[in-house]
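Residues in the sequence shown are numbered from 1 upward in steps of one, following the UniProt record's numbering. Every residue gets a Cβ at the ideal spot worked out from N, C-alpha and C, and that includes glycine.
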Amino acid sequence: MQFTPSVMVSELYILRHGQTEFNAERRLQGHCNSPLTPLGQAQAQAYGNRLKKLGNLDDFQLISSPLGRAMQTAALVAQTLGRDERSIIADERIKEAGLGEFEQACIPELHAANPHFANLPGWYLQALGAEPLNAIQARLQHFLRDDATPGKAILISHGITSMILRAMLQGLDDDAIWALDRPQDAFYHFSDGKLRRIECD
Numbered sequence: 001m002q003f004t005p006s007v008m009v010s011e012l013y014i015l016r017h018g019q020t021e022f023n024a025e026r027r028l029q030g031h032c033n034s035p036l037t038p039l040g041q042a043q044a045q046a047y048g049n050r051l052k053k054l055g056n057l058d059d060f061q062l063i064s065s066p067l068g069r070a071m072q073t074a075a076l077v078a079q080t081l082g083r084d085e086r087s088i089i090a091d092e093r094i095k096e097a098g099l100g101e102f103e104q105a106c107i108p109e110l111h112a113a114n115p116h117f118a119n120l121p122g123w124y125l126q127a128l129g130a131e132p133l134n135a136i137q138a139r140l141q142h143f144l145r146d147d148a149t150p151g152k153a154i155l156i157s158h159g160i161t162s163m164i165l166r167a168m169l170q171g172l173d174d175d176a177i178w179a180l181d182r183p184q185d186a187f188y189h190f191s192d193g194k195l196r197r198i199e200c201d
């Protein structure tokens, strides 16, 4: 599905949570959770430090996926920005894709058992019980077009969800989603219909 951007929000910073224990072990998470590693905590603090250098962002609301790794990242970003953690809004619509029976599975083992995954874009969503792509797009579209969504926000989300969100904001088709990156040492800024990558120090 190609999404034609028509959003209530005017400006977004889109961050992925910092490295987790499952990331380090190359395990899929989806709706399950694992805590940030020491590197992941440092990455979250680097997000906050980089955001501080962009100027006064006091009018930007911190919005996080409710999943633990995102909330942990959001708390560290809030601390670095000198904000109260209680100001973070948890929003189910920006949580990670549900990966069904693939959740907690080891990626190299999945690929060894399913060699065709190497050439299958979006293979993460092929599991039994996985959340369909159009369902993820629908909840993100609702977030973007909801007049209750703050006009300026710093989002702390996830790898797959952030790829889908950025593709929607750029009006890309579904095939283009899976070529996008999922950095934990950089984040994205959406403003005036344009998206740019911002590297952390």
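Taking the Cβ atoms as the reference, Q184 lies roughly 20 Å from E103, outside the contact range of under 8 Å. In the three-state scheme derived from DSSP, where H, G and I count as helix and E and B as strand, S87 is classed as helix.
For A97, the closest C-alpha among the options Y47, D146, A135, C200 is that of A135.
Comparing alpha carbon positions, the residue from P108, L81, S65 closest to E92 is S65.
Listed in chain order, the non-local C-beta contacts of E131 below 6 Å within the same chain comprise A97, G98, local neighbours out to five positions each way being set aside.
By the CB criterion at 8 Å, L180 and R197 fall outside the cutoff. A check of alpha carbon separations from I160 across C106, R182, A153, P35 identifies R182 as the nearest. No Cβ-Cβ contact shorter than 8 Å links G68 with G40. In chain order, T80, C200, D201 place their CB closer than 8 Å to the CB of N49, counting only its own chain and leaving out the 5 sequence neighbours on each side. In this chain, the alpha helix (DSSP H) harbouring F22 covers 21-25.
Shown here, K152 sits in a strand according to DSSP, grouped into three states. F187 is bridged by DSSP to I198.
Counting C-beta atoms within 10 angstroms of its own C-beta, A78 has 16 or more neighbours from the protein chains shown and is therefore classed as buried. With respect to E11, F190 sits close: the two C-beta atoms are nearer than 8 Å. Rounded to the nearest whole angstrom, the CA to CA distance from L57 to P38 is 26 Å.
By the criterion of a C-beta distance shorter than 7 Å, Y47 is surrounded in its chain by L15, V77, F187, C200, once the five residues flanking it on both sides are discounted. The alpha-carbon of V9 is positioned some 18 Å away from that of L51.
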